[in-house]
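Just so we're aligned: 405 in the numbering used here is position 405 of the sequence shown, and the numbers increase by one with no gaps anywhere. Cβ atoms here follow ideal geometry from the backbone N, Cα and C, with glycine treated the same way.
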Amino acid sequence: MLLITNGTVIDPKSRLHARKDILVSDGRIVRIAGRIFDAGSPAASAAAGLTVIDAEGCIVAPGLIDTHSHFRDPGFPEKEDITTGSAAAAKGGYTTVVMMANTKPPIDSVEVLTDVCERGRREPIHVLSAANVSTRMQGEARTDFVSLSAAGAVVFTDDGRPLTDEYLLLQALKLAKKLDKPVSLHEEDPRYVTEPGINAGGRAAAALGLTGADRKAESFLVERDVRLAIEAKAKLCIQHISSKEGVELVRQARKVSPLIHAEATPQHFTLTEDAVIQKGTLAKVNPPLRLKEDRMAIIEGLRDGTIDIIATDHAPHTKAEKAQEFTKAPSGMIGLETALSLGIRELVQPGYLTMDQLLACLTCNPADFYRLDAGDLHEGGLADIVIFDLEKTWTVTEHFASRSSNSPFIGETLPGVVRYTIADGRIAYQA
Ligand SMILES: [Zn+2]
Ligand SMILES: [Zn+2]
1 MLLITNGTVI DPKSRLHARK DILVSDGRIV RIAGRIFDAG SPAASAAAGL TVIDAEGCIV
61 APGLIDTHSH FRDPGFPEKE DITTGSAAAA KGGYTTVVMM ANTKPPIDSV EVLTDVCERG
121 RREPIHVLSA ANVSTRMQGE ARTDFVSLSA AGAVVFTDDG RPLTDEYLLL QALKLAKKLD
181 KPVSLHEEDP RYVTEPGINA GGRAAAALGL TGADRKAESF LVERDVRLAI EAKAKLCIQH
241 ISSKEGVELV RQARKVSPLI HAEATPQHFT LTEDAVIQKG TLAKVNPPLR LKEDRMAIIE
301 GLRDGTIDII ATDHAPHTKA EKAQEFTKAP SGMIGLETAL SLGIRELVQP GYLTMDQLLA
361 CLTCNPADFY RLDAGDLHEG GLADIVIFDL EKTWTVTEHF ASRSSNSPFI GETLPGVVRY
421 TIADGRIAYQ A
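Rendered as C-alpha cells:
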C-alpha cells in the first residue's frame with residue numbers, strides 16, 4: 001500500500017482542489033480523504049508494508065496524458081525507442097502516452113501495431129499507439145480501420161504527412177465515426193510549403209533567405225477538414241495548431257460540432273519565429289513557430305476552451321541530424337520533460353489559465369476525447385498520479401531521459417519539479 005499525504009490534490013474532472021491524502025492499494029486508489037492515518041496510530045501500524053510519500057508543499061494530480069508523441073520505434077532507435085521515450089514521459093510527469101504512427105515500418109498493419117502495443121505494456125507507464133489512416137502513409141489506400149481498432153489503435157492519423165485526398169479523408173472520418181475513434185490530422189497543405197519548419201513572410205525566413213511555410217497551408221486544410229468532420233459527424237483533432245486563422249476556424253467549427261478538438265503544443269504557446277533566429281534548427285518544427293499574434297491566439301484559444309488539449313509533439317532527432325544546415329535538418333523538438341514546466345511558466349504564472357485549467361488540458365480533456373481510462377482521481381480508479389513541486393525550479397540541461405536532446409530550452413530555468421510519477425500504483429519516476 002502507498003499513502004500520499006500532506007499534498008494539495010487537484011483533480012480537474014471532479015473539481016477537487018483541496019488538501020487530501022490518497023491511499024493506493026493493488027494499483028488502484030482506495031481512498032481520498034482529509035486525513036487517512038495519523039502517524040503512529042494503530043491503523044497506520046496495521047497497514048503492513050505501507051509506503052508513505054510526504055507531499056508537503058506539492059501538488060498531487062492525475063498522471064499527465066500526452067496524445068501526441070513520437071517514440072521512433074520501430075525504425076529509428078538512434079533517436080528514441082519505446083523504453084527511452086517512456087522514461088522521458090515518466091520524468092515529465094506523464095503516465096499515459098499515445099505514440100504516433102510515422103515509424104519505419106509505419107503502424108499501418110495489425111502486425112506492427114500489436115508489436116508496439118505489446119512492447120509498450122512492458123513499460124512502467126501506459127504506452128498506447130495510433131495507427132495510420134493510409135497504407136505506407138502514402139495517402140492513397142485506407143488502412144483496415146476495423147482490424148486496427150480491434151487491435152487497440154487509439155486514433156487514426158498520418159501525422160507527419162498531410163492527407164491531400166479529400167475523398168479518402170471523408171471515407172476515413174465516416175468509418176472512424178462508426179468505430180467511435182477519433183482521426184487526428186497534421187494540417188499543412190504541401191502546395192503552400194516551400195521549405196517546411198519556418199514561417200513564410202516573417203523575420204526568420206528573411207534572415208535565412210527562405211520562403212518557408214505559409215499560414216494558408218494550415219488554414220486551408222483546417223477549413224476543409226472541419227467541414228468534412230461535420231459532414232461525417234466524426235471526432236476530429238487538429239494537431240499542433242500554429243496560426244491565429246487555424247484557431248478561429250476551430251472556434252467557429254466547435255459551435256457546430258463539439259466533436260472537433262484541437263491540440264496546442266508547448267512550443268507553439270511559448271515561442272515565436274524569433275526562436276528560429278536564436279536557436280536555428282532546434283526551433284525548426286512543423287508546422288512552424290509563427291508570430292506573437294499567433295502565439296497569443298493559441299493562448300486565447302486555451303483560455304476560452306477552443307483548444308482543450310495540450311500535446312507535446314515530442315519529436316526526437318539526433319545531434320548530427322540537427323547540426324545540418326536549416327533546410328536539410330529534420331523538423332521537431334523533444335517535449336515530454338519540459339511540457340508541464342512550460343505550461344506553468346507560460347500559461348499559469350501570467351494568469352491566462354488556472355493550475356486546474358492547465359491540468360485539465362493535460363489530463364481529463366485528452367482522456368475524455370480519446371476515451372482513455374485515465375486522467376482523473378477517484379476511489380476505485382487506476383492510481384496514475386503525478387506529484388510536483390510548484391515552488392521549486394530546475395535548469396534544463398542536455399541530460400534528458402530521452403535518447404535525444406533536441407530542445408531549444410536547454411539552459412533555461414523553469415518552474416515546477418516533478419517529484420514522483422506513479423503509474424498503476426507503482427513509482428515510475430522519482431526525483
Ligand atoms: Zn505533425
Ligand atoms: Zn507529430
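From residue 189 to residue 72, what distance separates their C-alpha atoms?
Position 189 of the sequence shown, counted from the first residue, corresponds to residue 189. Position 72 of the sequence shown, counted from the first residue, corresponds to residue 72. Looking at the two C-alpha atoms, the distance is approximately 24 Å.
Let's see if you can read the secondary structure: which residues bound the alpha helix (DSSP H) around residue 362?
Looking up residue 362 in the sequence shown gives position 362. Counting along the chain, the alpha helix (DSSP H) containing residue 362 begins and ends at 355-362.
Classify residue 1 as helix, strand or coil using the three-state DSSP reduction.
Locating residue 1 in the sequence shown gives position 1, counting from the first residue. In this structure, residue 1 counts as coil in the three-state DSSP scheme.
Beta carbon of residue 335, beta carbon of residue 312: below 8 Å?
As a working note, residue 335 is residue 335 in the sequence shown. As a working note, residue 312 is residue 312 in the sequence shown. In contact: residue 335 and residue 312 (Cβ atoms closer than 8 Å).
If we ignore side chains and look at the alpha-carbon of each, how far apart do residue 250 and residue 199 end up?
Locating residue 250 in the sequence shown gives position 250, counting from the first residue. Locating residue 199 in the sequence shown gives position 199, counting from the first residue. Cα-Cα distance, rounded: 20 Å.
Among all the DSSP beta bridges, which residues are the ones paired with residue 426?
Reading the sequence shown from its first residue, position 426 is the one you call residue 426. Beta-bridge pairing links residue 426 to 423.
Per DSSP, what kind of secondary structure is residue 287 in: helix, strand or coil?
One-based indexing of the sequence shown puts residue 287 at position 287. It is coil, neither helix nor strand.
Just grab the DSSP bridge partners of residue 433 for me.
Outside the modelled stretch of the chain, which goes from 1 to 431, sits residue 433, for which no answer is possible.
Sorry if obvious, but does the Cβ on residue 66 come closer than 7 Å to a heavy atom of ligand 1?
Along the sequence shown, read from residue 1 onward, the residue named residue 66 stands at position 66. The answer is no for residue 66.
With hydrogens ignored, establish whether the beta-carbon of residue 171 is closer than 7 Å to any heavy atom of ligand 1.
Sequence index remark: in the sequence shown, residue 171 carries index 171 (1-based). Every heavy atom of ligand 1 is 7 Å or more from the Cβ of residue 171, so no.
Pair every Cβ in the segment 86-99 with every Cβ in the segment 411-429, then say whether three or more of these pairs are closer than 8 Å.
yes
Expressed to the nearest angstrom, what Euclidean distance is found between the alpha-carbon atoms of residue 289 and residue 380?
As a position in the sequence shown, residue 289 is number 289, starting the count at 1. As a position in the sequence shown, residue 380 is number 380, starting the count at 1. So the two alpha carbons sit approximately 42 Å from each other.
Mapping DSSP to helix, strand and coil, what is residue 36?
On the sequence shown, position 36 is the one that residue 36 refers to. Here residue 36 sits in coil by DSSP.
So within the segment 148-217, which uninterrupted alpha helix (DSSP H) runs reach at least 4 residues, ignoring any that extend past its ends?
166-179 and 203-208
Give the residues whose C-beta lies closer than 7 Å to at least one heavy atom of ligand 1, in chain order.
159, 160, 186, 239, 240, 286 and 313
Taking residue 89 as part of the alpha helix (DSSP H), name the residues at either end of that continuous run.
Counting from one through the sequence shown, the residue named residue 89 turns up at place 89. Residues 82-91.
Can you tell me where the beta strand (DSSP E) with residue 270 in it begins and where it stops?
For the purposes of this step, residue 270 is identified with residue 270 of the sequence shown, where counting begins at 1. Element bounds for residue 270: not the beta strand (DSSP E) but the alpha helix (DSSP H), 266-270.
Identify whether residue 13 lies in helix, strand or coil by the three-state DSSP scheme.
Within the sequence shown, the letter at position 13 stands for residue 13. Looking at residue 13 - three-state DSSP - the assignment turns out to be coil, as it is neither helix nor strand.
I'd like to check one pair, residue 181 with residue 146: are the Cβ atoms closer than 8 Å?
Walking along the sequence shown from the start, residue 146 turns up at place 146. Walking along the sequence shown from the start, residue 181 turns up at place 181. No, Cβ-Cβ distance for residue 146 and residue 181 is not below 8 Å.
Which first and last residues belong to the alpha helix (DSSP H) in which residue 64 is found?
Within the sequence shown, residue 64 is the residue found at index 64, counting from 1. Boundaries around residue 64 are those of the beta strand (DSSP E), 64-69, since no alpha helix (DSSP H) includes it.
Helix or strand or just coil, what does DSSP make of residue 403?
Counting from 1 along the sequence shown, the entry for residue 403 is found at position 403. Looking at residue 403 - three-state DSSP - the assignment turns out to be coil, as it is neither helix nor strand.
Once you ignore the five residues that flank residue 8 on each side, which residues in its own chain have a CB closer than 6 Å to its CB?
Taking the first residue of the sequence shown as position 1, residue 8 is located at position 8. Within the same chain, 19 and 59 come within 6 Å of residue 8 by CB-CB distance, once the 5 residues on both sides are set aside.
Find out if the Cβ-Cβ distance for the pair residue 263, residue 68 is shorter than 8 Å.
Here residue 263 is taken as the residue at index 263 of the sequence shown, counted from 1. Here residue 68 is taken as the residue at index 68 of the sequence shown, counted from 1. A contact, by the Cβ cut-off of 8 Å.
Buried or exposed, going by whether 16 or more other CB atoms sit within 10 Å of the CB of residue 14?
Walking along the sequence shown from the start, residue 14 turns up at place 14. Answer is exposed; the Cβ neighbour count stays below 16.
Measuring CA to CA, which of 2, 371 and 168 is closest to residue 133?
What you label residue 133 is simply residue 133 of the sequence shown in a count that begins at 1. Looking at the Cα atoms, 168 is the closest of the given residues.
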